[in-house]
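Everything below concerns the one structure shown next.
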DNA sequence: AGCTTCCGCGCAACCGATTGCACAAGTCAC
DNA sequence: GTGACTTGTGCAATCGGTTGCGCGGAAGCT
């Protein structure tokens, strides 16, 4: 069943078969009211018979609209980013847009190339979901009225007042962290340690928010353990540090880190949650299936992707000024942060059963 | 800092500023050896000054090559698919290709629309990583010499002999399942149950492979528990079925299901792995951090994505005939399938400590 | 019959870049 | 001083649709 489509079918072919001009064929295909019913039917029949598919490049060349959206993010293999991409793609597709998805992989050069690709292809809109490049850099190579930033770790943009872009979409990380801290304190935890990649600005934000929340609750400072980004696969170093002087609870930058830590702690004498509470961030699926079930902050990643598309569309249609939006996050309490009283009870039970060593308060 | 780029810069603008014709400017920009050094420098300077970015649509209209690749998959939120996408994007980008990624979300209509979008935009190559549509359907709306199938659940394509497409890339699921079964039998497990979505053909393949492997090892048949696709979030029904008449081990269609089952089993009196061994499939990150650590089959998803691009490229360049490739998978032994002897020992320990109920062999 | 309207359709320009071919200098040889 | 070549550039066609404008003919009106 070899098909011989040496040459793609073009509009001229359809017009010829239908016995009309290209202009008429073009109009007939898009249901221009000026075209008669007979002609329209003939053209559609011809198009169907030939398997005609219009050339988007030619069309957009004239129309100056490509119906393409570009999405730049760090890494598709990361569940959070993948979810943003999923929401983005879903929303875009349902509006009839095709999406270029490109990853920066934390490499500024790659990011620049991706952005250039978007601009070359004249994407109608661009969303930078995450990148290591300075947003100002991004704006210098992209039409400012095309881009929306998601989660920009950039004070100037966070203000949102006069963003040199279509808009900014953030998740309320600070509120999420604050809720977490409040939750921990309410449950009786006092000595809290924060673990995260010190070199990331989003990390700095969360740490700051945590510290502020503690202060507001009249609690002491937060201890910080810096973890190298490429060392995440092995959270055992962190686990080791923790055993030296165990805090009451550990706040992790994200779930991936928290789950790694949970795993690493299993080979120490610190039992979670009996000796140590652990909290994550992001609400990835694995956090719901871990043991103990992780207390974390649910970030509506899919909705973020979806919302970014909506903002873009609204902005394109209404030509509105930069919009700044914040998506709410939600604390999800799991089993990794039980009330401290219950925790103490369980620990003593454990000690009785195991009949081995005990530890200080 | 408002920029007034009312009109995008076009080649004519560059040519005008450089004092040459468009033809010369075009050649100068792509380092045509016929253009003099002086002129070239002038053109490049002008382009840089104006921030000129060539219009890909116009270029490809003429060149008949778009430098675009299309990837169709089920769902970006699924970690396995996301990894394929990640590898695909990475490989494509490094070859200077932009990628359309679109998801079918298990909806044939969406898939058709996605494919149409790829064709409209004249993607140089298309990879169907996964879809629910019949491959024959896919081929009917896509130039056959453009598409590569990944994991086609389609006997006719699996043969690979005269595939009406550029090629087929499969992962060796059958070998993976066989290795798993062998592993279980070696470790003393005999009564094995397979759990998976009965309506998926890839599921049927795996079940068949498992049954065949059991037979080859001189073992009895495999029990099958069908699980509805949309019920995965709640594996408790499966857990319940298992408690009624517990097998020695459970083979799950994939890790997601296995992890859900692990979680659901925690609220039953069946302890994994003491009473029941559990095996997954795919090797998603969460499987390494579960407790107990899941025995699973590592599928090189990222490599699959990467390889698909390479196949496409090779095929485009060399105009070769359909290629069929199979990627090897690897059994990863975790803690969910300990040797049965050790398992029995641990169980008795547990029974002694808990001093409660016991169960038959 | 003559004139206005309306309907259906085609001509040709246009979008922005690429490229075959030809033309204008400049160099060298005879 | 004229012809053969080399070098550097420009003209114009081309890719595949879209669209402003105008034209021919049928219908409606006086």
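Chains as they are written, first to last, in our numbering: chain Z, 1 to 361; chain G, 1001 to 1361.
We put the CB at the ideal spot given by N, CA and C, even for glycine.
Just so it is clear, the structure is predicted and the values come from calculations on it, not from any experiment.
Within 7 Å of any Cβ in chain G, is that where the Cβ of residue i sits?
i                     : result
residue 309 (chain Z) : no
residue 11 (chain Z)  : no
residue 77 (chain Z)  : yes
residue 121 (chain Z) : yes
residue 100 (chain Z) : yes
residue 50 (chain Z)  : no
residue 103 (chain Z) : yes
residue 362 (chain Z) : Residue numbering for chain Z in the displayed model covers 1 to 361; residue 362 (chain Z) lies beyond these limits and cannot be assessed.
residue 53 (chain Z)  : yes
For chain Z, check one thing: does any of its Cβ atoms lie closer than 7 Å to the Cβ of residue i?
i                      : result
residue 1137 (chain G) : no
residue 1060 (chain G) : yes
residue 1014 (chain G) : no
residue 1083 (chain G) : yes
residue 1268 (chain G) : no
residue 1289 (chain G) : yes
residue 1278 (chain G) : no
Where does residue i land, buried or exposed, given buried means 16+ other C-beta within 10 angstroms?
i                      : result
residue 99 (chain Z)   : buried
residue 1450 (chain G) : Since the first and last residues shown for chain G are 1001 and 1361, residue 1450 (chain G) lies out of range.
residue 1343 (chain G) : buried
residue 412 (chain Z)  : In the structure displayed, chain Z extends from 1 to 361; residue 412 (chain Z) sits before or after that span and is not available.
residue 345 (chain Z)  : exposed
residue 64 (chain Z)   : exposed
residue 228 (chain Z)  : exposed
residue 95 (chain Z)   : exposed
residue 28 (chain Z)   : buried
residue 215 (chain Z)  : exposed
residue 1069 (chain G) : buried
residue 136 (chain Z)  : exposed
residue 1038 (chain G) : exposed
residue 1111 (chain G) : buried
residue 1221 (chain G) : exposed
residue 104 (chain Z)  : buried
Under DSSP, the alpha helix (DSSP H) around residue i begins and ends at which residues?
i                      : result
residue 1149 (chain G) : Counting along the chain, residue 1149 (chain G) falls outside any alpha helix (DSSP H), though it belongs to the beta strand (DSSP E) covering 1147-1150.
residue 1029 (chain G) : 1022-1029
residue 1243 (chain G) : 1236-1244
residue 249 (chain Z)  : That residue, residue 249 (chain Z), is in no alpha helix (DSSP H); its beta strand (DSSP E) goes 249-252.
residue 11 (chain Z)   : 11-18
residue 1185 (chain G) : 1173-1186
What would DSSP say about residue i, mapped onto helix, strand or coil?
i                      : result
residue 1223 (chain G) : strand
residue 1329 (chain G) : coil
residue 1336 (chain G) : coil
residue 100 (chain Z)  : strand
residue 207 (chain Z)  : helix
residue 1342 (chain G) : helix
residue 1074 (chain G) : coil
residue 1324 (chain G) : strand
residue 1142 (chain G) : coil
residue 169 (chain Z)  : strand
residue 1255 (chain G) : helix
residue 950 (chain G)  : Nothing in the structure corresponds to residue 950 (chain G), since chain G is present only between 1001 and 1361.
residue 1260 (chain G) : helix
residue 66 (chain Z)   : coil
residue 1136 (chain G) : helix
residue 1305 (chain G) : helix
residue 1283 (chain G) : coil
residue 213 (chain Z)  : helix
residue 1125 (chain G) : strand
To the nearest angstrom, report how far apart residue i and residue j are at their CA atoms.
i                      : j                      : result
residue 1059 (chain G) : residue 1011 (chain G) : 11 Å
residue 40 (chain Z)   : residue 24 (chain Z)   : 9 Å
residue 1086 (chain G) : residue 1305 (chain G) : 7 Å
residue 1020 (chain G) : residue 1048 (chain G) : 16 Å
residue 1291 (chain G) : residue 291 (chain Z)  : 6 Å
residue 1248 (chain G) : residue 1223 (chain G) : 11 Å
residue 75 (chain Z)   : residue 142 (chain Z)  : 21 Å
residue 315 (chain Z)  : residue 298 (chain Z)  : 28 Å
residue 1178 (chain G) : residue 1218 (chain G) : 13 Å
residue 1017 (chain G) : residue 145 (chain Z)  : 26 Å
residue 1072 (chain G) : residue 147 (chain Z)  : 25 Å
residue 1081 (chain G) : residue 1301 (chain G) : 8 Å
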